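**Student:**
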Amino acid sequence: EDVKAVHEALKTSTADLHLKLDDFKRKFDEAMEGISEDRKKVTLKLLEQERSLVNQLKDEKETREKNESQISDTLASEEKVRAKGQKTLTENIAEAREYLSSLITEEVSARQKGDEKL
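Residues in the sequence shown are numbered consecutively from 27, following my numbering.
Shown next as structure tokens:
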């Protein structure tokens, strides 16, 4: 009877240990699933942040290129205006020289006629 009691006690202890081991395995598996899900969430967040940064960099690049293009266009327009102004000024100076030259020629001619009359 003592052997039977010991044998029954061992059976009960073994069954308890198996239940505890199964419970531990279940909790361990659940914890590992939670860790795996957390890892996936973190990975997705990192990917979203990376995409966001890439899009931000693209936007900044496009803005910089647009600004550079506008500056280049503005400089080209200013250069055209400056060149046109310089050409107009040169033409005006030439016209003024011709006009002054004709005035001087008229004055010289008038003086010569005046001197001849005297």
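Ideal placement from N, C-alpha and C gives every residue a C-beta, glycine not left out. Just so you know, these numbers come straight off a predicted model, no measurement behind them.
1. Between Glu-63 and Lys-37, what straight-line distance do the alpha-carbon atoms span, to the nearest angstrom?
2. Where does Leu-144 fall in DSSP's three states?
3. Please state whether DSSP places Glu-56 in a helix, a strand or coil.
4. Answer yes or no: does any C-beta atom of chain C fall closer than 8 Å to that of Asp-28?
**Tutor:** Well, looking at it:
1. What you label residue 63 is simply residue 37 of the sequence shown in a count that begins at 1. What you label residue 37 is simply residue 11 of the sequence shown in a count that begins at 1. Those two C-alpha atoms are separated by around 39 Å.
2. As a working note, residue 144 is residue 118 in the sequence shown. DSSP places Leu-144 in coil when its eight states are reduced to three.
3. To locate residue 56, count along the sequence shown from 1; it is residue 30. In the structure shown, Glu-56 sits in a helix (DSSP, three-state: H, G or I).
4. Within the model displayed, chain C is absent; a lone protein chain is all it includes.
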